[in-house]
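Heads up, the sequence shown is in this note's numbering, so the first residue is 2 and it goes up one at a time.
Input: a single structure, listed below in structure tokens.
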Amino acid sequence: MAEPDAEVFALRLRLQRALSDHADLYQQLELGKRESMLASAEIEGLKKYHFKETHELQDQLLAQRSVVSKLTLRLQEALQGGHQAAMFHDEMTTMRQSHGISMKRLQSQVSRQDAELKAVQSERDALAGQLEGIRAKLDTAASPAEHHSGQQHLPEGNMQQAHAAQLRELQAAHEQQVRSIQQAAQQSQADLQAAHAVESRIMQEAHAADMKQLQELREALPEALAQASSEARHPQDLSTSEIDALLAERGEVAVSCEELNELRVLAANGADSAELAQETADLIALLHQARSSNLTVRKERDRLRHKMAVFKQTLSSELLTMQLRGSNDSDSM
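Written as structure tokens, this is what we have:
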């Protein structure tokens with residue numbers, strides 16, 4: 002009976018160990034499930050974040066493409082607006098000439114009023130000298146007549162009062178004339194300052210407009226050049242119709258080059274900035290590059306036309322040879 006009990010006891014121990022291992026495996030399975038759920042949640046979060054970032058990048062790409070399109074349009078408008086800039090430059094030149102004439106008139110008027118003021122001052126000095134002479138004569142005439150009677154002294158007092166009244170009238174008239182001339186001079190000076198302020202404001206507005214337009218051109222040129230270089234094709238890959246279309250397009254660019262040269266003259270007249278001159282030089286270099294590309298396309302077109310002419314001539318000669326050979330065969334028969 003002891004051996005079966007020992008076997009039962011051993012079996013119980015093995016069963017307890019199996020149950021314990023099973024519990025451990027179950028805990029590990031639950032832990033693995035939790036870790037799997039956490040990993041799945043993290044993957045879902047990463048997917049959402051990646052999806053969000055992808056959409057944001059797509060939106061940014063669309064926005065950048067829209068900006069490039071707008072800048073390209075603005076660049077084309079700026080190139081086409083060269084003629085308008087030249088017209089504005091002519092208007093500004095006319096306005097400056099008329100303003101210069103007005104300034105010369107005001108300056109001549111101020112000079113004339115200064116001359117009149119000097120004349121009045123000299124006249125006043127002359128009158129003061131005459132007044133001093135009259136006073137000296139009165140003093141000289143009054144000194145020997147002090148011993149005469151009161152009836153003889155009364156006309157001399159009346160004469161002095163008359164001279165004093167005349168002198169006061171002359172001084173009042175002279176002061177009134179001086180005040181009127183000074184007021185006219187002050188008014189002319191105020192008009193001159195107002196004209197200078199208007200001219201300065203017009204020049205500042207024109208300079209600001211030129212700087213803004215050139216800044217927009219400088220900002221738009223890299224994107225336009227990148228887009229043009231990405232869409233460019235080699236002249237040997239172009240057909241005759243495409244070459245003609247490209248030449249027509251480059252012809253418009255050449256016209257805009259001449260208009261933009263006028264814009265360069267306007268910028269040189271309107272500003273003394275070295276940065277503005279450098280930007281204008283960059284624009285001129287770009288235009289020379291476009292013209293050199295135009296020349297390359299023209300050479301390629303001439304080469305293709307020459308090859309076409311040689312091919313036509315060769316074909317015509319071969320046809321003539323075949324016709325002569327056919328006529329000789331008919332004659333021999």
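Glycine is no exception: its CB is placed at the ideal position from the N, C-alpha and C atoms.
Since the structure is predicted, the reported quantities are computational estimates derived from the model, not experimental observations.
Evaluate residue i with the Cβ neighbour count: other Cβ atoms within 10 Å of its Cβ, from every protein chain shown; 16 or more gives buried, anything less gives exposed.
{"i": "L80", "result": "buried"}
{"i": "Q29", "result": "exposed"}
{"i": "L321", "result": "exposed"}
Compare the C-alpha of residue i against each of the options and name the closest.
{"i": "E217", "options": "V68, T315, Q188, D126", "result": "V68"}
{"i": "Q187", "options": "T94, Q110, A198", "result": "Q110"}
{"i": "D115", "options": "L30, G134, R180", "result": "R180"}
{"i": "V121", "options": "E78, E8, Q172", "result": "Q172"}
Going by the beta-carbon positions, is the gap between residue i and residue j smaller than 8 Å?
{"i": "L132", "j": "L168", "result": "yes"}
{"i": "L39", "j": "E220", "result": "no"}
Measure the C-alpha to C-alpha separation of residue i and residue j and round it to an integer number of angstroms.
{"i": "F10", "j": "R18", "result": "12 Å"}
{"i": "H51", "j": "A210", "result": "45 Å"}
{"i": "A166", "j": "Q194", "result": "42 Å"}
{"i": "A37", "j": "I44", "result": "Here the sequence assigns Ser to residue 37, which means Ala is not the residue at that position. The straight-line gap from Cα to Cα measures roughly 10 Å."}
{"i": "K213", "j": "G101", "result": "27 Å"}
{"i": "Q163", "j": "E170", "result": "Gln is not the amino acid found at residue 163; the sequence shown has Ala there. When rounded, the distance between both Cα atoms is 11 Å."}
{"i": "L32", "j": "R66", "result": "50 Å"}
{"i": "E206", "j": "E176", "result": "45 Å"}
{"i": "L16", "j": "T55", "result": "57 Å"}
{"i": "H307", "j": "S99", "result": "58 Å"}
{"i": "R202", "j": "E92", "result": "15 Å"}
{"i": "M88", "j": "L76", "result": "19 Å"}
{"i": "L26", "j": "K34", "result": "12 Å"}
{"i": "V199", "j": "Q184", "result": "22 Å"}
{"i": "M96", "j": "Q108", "result": "18 Å"}
{"i": "A78", "j": "S70", "result": "Residue identity differs from the one stated: residue 78 is Glu in this sequence, not Ala. If you take the alpha carbons of E78 and S70, they lie about 12 Å apart."}
{"i": "K49", "j": "K300", "result": "56 Å"}
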